[in-house]
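When we follow the working numbering, the leftmost residue of the sequence shown carries the number 215, and every step to the right adds one.
Virtual Cβ for every residue (Gly too), placed ideally from N, Cα, C.
Here's the structure we're looking at; comments come further down.
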Amino acid sequence: MAWITKNSASQKVERRDQPYLTAAMKDDLTKRVLPRYEKSLGALLPALHMIQHEYGWVPHQAMLEVAAFLKIAPSDVIDTASFYEEYSLRPRGKYVVQVCRSIACEFCGHEKVTQAVKDALGIDVGETTDDGMFTLVELECLGSCDTAPVALVNEHLHERLTPERMVAVLAEVKAGKGGH
Ligand code: FES
Numbered sequence: 215m216a217w218i219t220k221n222s223a224s225q226k227v228e229r230r231d232q233p234y235l236t237a238a239m240k241d242d243l244t245k246r247v248l249p250r251y252e253k254s255l256g257a258l259l260p261a262l263h264m265i266q267h268e269y270g271w272v273p274h275q276a277m278l279e280v281a282a283f284l285k286i287a288p289s290d291v292i293d294t295a296s297f298y299e300e301y302s303l304r305p306r307g308k309y310v311v312q313v314c315r316s317i318a319c320e321f322c323g324h325e326k327v328t329q330a331v332k333d334a335l336g337i338d339v340g341e342t343t344d345d346g347m348f349t350l351v352e353l354e355c356l357g358s359c360d361t362a363p364v365a366l367v368n369e370h371l372h373e374r375l376t377p378e379r380m381v382a383v384l385a386e387v388k389a390g391k392g393g394h
């Protein structure tokens, strides 16, 4: 088995002057989230969720800020952030198209739905269009197996998709219709 390694120790972290973990977020974590947990590590997922929700992705600087605030190792933060698909370590497009690839959707043709998105937008899974509008992601069960295949476009769930319907949804989003 081959191991792929990367030189994380010398990785340059892009920094900005403004912290990502704002005073309001820290206040919310301190008053509402941390009291629920015995250890500060318990607040890691909510903290990452705040960052992801606010910025659409989790920058390295933000992970370091979260680690410092929770007094945990930065490696714990990056291990967690890179494990869950909910967190993106790269900027995403304005609209994130998330096609379910789990078993019910797989049986009902998710591959054709994903392919339709790829063809319509000219991107592969994990990529963002050059205009920053769309990012394509595949993820696990969205809990709507009885209406498979399904996809989320941001917060909106689209059910019983066909490739044609998926392309139509993208066209609606581009046209600013459909409430996305
Ligand atoms: S398998 Fe796709 S929603 Fe459950």
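Residue i versus the options, residue with shortest Cα-Cα distance
{"i": "G357", "options": "A330, V313, T343 and P233", "result": "V313"}
{"i": "E369", "options": "L335, V311 and V272", "result": "V311"}
{"i": "A362", "options": "A318, L259, A282 and V383", "result": "A318"}
{"i": "D360", "options": "V387, V381 and C322", "result": "C322"}
{"i": "F283", "options": "M347, G346 and V247", "result": "V247"}
{"i": "E268", "options": "A281, V291 and A238", "result": "A238"}
{"i": "R306", "options": "P273, K388 and V280", "result": "P273"}
{"i": "I265", "options": "E252, S254, L366 and D242", "result": "D242"}
{"i": "A330", "options": "H263, L262, P288 and A382", "result": "A382"}
Where residue i falls: helix, strand or coil (DSSP)
{"i": "A261", "result": "helix"}
{"i": "C314", "result": "strand"}
{"i": "Y251", "result": "coil"}
{"i": "V367", "result": "strand"}
{"i": "L350", "result": "strand"}
{"i": "T361", "result": "helix"}
{"i": "T342", "result": "strand"}
{"i": "Y269", "result": "helix"}
{"i": "M239", "result": "helix"}
Check: residue i C-beta below 7 Å from any heavy atom of the ligand FES
{"i": "L356", "result": "yes"}
{"i": "V381", "result": "no"}
{"i": "A190", "result": "Since the displayed the chain opens at 215 and closes at 394, residue 190 lies outside it and no answer follows."}
{"i": "S316", "result": "yes"}
Do the segment 348-366 and the segment 292-309 meet, that is, are 3 or more Cβ pairs less than 8 Å apart? Yes: the two stretches touch, three or more of their Cβ pairs being nearer than 8 Å.
Would the segment 375-385 and the segment 325-332 be scored as touching if the rule is three or more Cβ pairs under 8 Å? Between the segment 375-385 and the segment 325-332 there are three or more inter-stretch CB-CB distances shorter than 8 Å, so the stretches are counted as touching.
Does the segment 282-298 come into contact with the segment 330-339, if we say contact requires no fewer than three beta-carbon pairs (one atom in each stretch) closer than 8 Å? No, they do not touch.
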